[in-house]
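Okay, so here's the structure we're looking at.
Numbering (the numbering used here), first residue to last: 21 to 99.
Structure representation (structure tokens):
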């Protein structure tokens, strides 16, 4: 995995500091859902067992560079 400068910057925000790199790797490797955005970026979601929340990561079009990662409160499994 690679990371954009935007990801590295937003990772410092207090609401993002709790997101562990191992959780991002889990979503990257084992997504429960994946969607391609209209701009070509890739969204992936997976539930994090430790806190029972769904983590969304956004990858660039290359499929390997993480651009964003956050807990998605609006995500509903099966949609």
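Cβ coordinates follow ideal geometry from the N, Cα and C atoms, glycine included.
All figures in this text were calculated on a predicted structure; none of them were measured in a lab.
Looking at the structure shown, is residue 30 part of a helix, part of a strand, or coil, going by DSSP? Numbered from its first residue, the chain shown carries residue 30 at position 10. Of the three classes helix, strand and coil, the one that applies to residue 30 here is helix, per DSSP.
Between residue 52 and residue 43, which are expected to be in contact by the criterion C-beta below 8 Å, what is the C-beta distance as a whole number of angstroms? The residue given as residue 52 occupies position 32 in the chain shown. The residue given as residue 43 occupies position 23 in the chain shown. A Cβ-Cβ separation of about 13 Å leaves residue 52 out of contact with residue 43 under the 8 Å criterion.
Close beta carbons around residue 25, own chain, < 7 Å, minus the five adjacent residues each side: In the chain shown, counting from the first residue as 1, residue 25 sits at position 5. Closer than 7 Å at the Cβ level, and outside the excluded window around residue 25, lies no residue.
Thinking just about the alpha-carbon of each residue, which of 32, 73, 84 is nearest to the one in residue 97? The count along the chain shown starts at 1 and reaches residue 97 at position 77. Cα-wise, what sits closest to residue 97 is 73.
Exposure of residue 93, with buried meaning 16 or more beta-carbon neighbours within 10 Å: Here residue 93 is taken as the residue at index 73 of the chain shown, counted from 1. Residue 93 should be labelled exposed.
Using a threshold of 8 Å, state whether the C-beta atoms of residue 39 and residue 75 are closer than that. Your numbering for residue 39 matches position 19 in the chain shown. Your numbering for residue 75 matches position 55 in the chain shown. Against a cut-off of 8 Å, the Cβ pair of residue 75 and residue 39 comes out as a contact.
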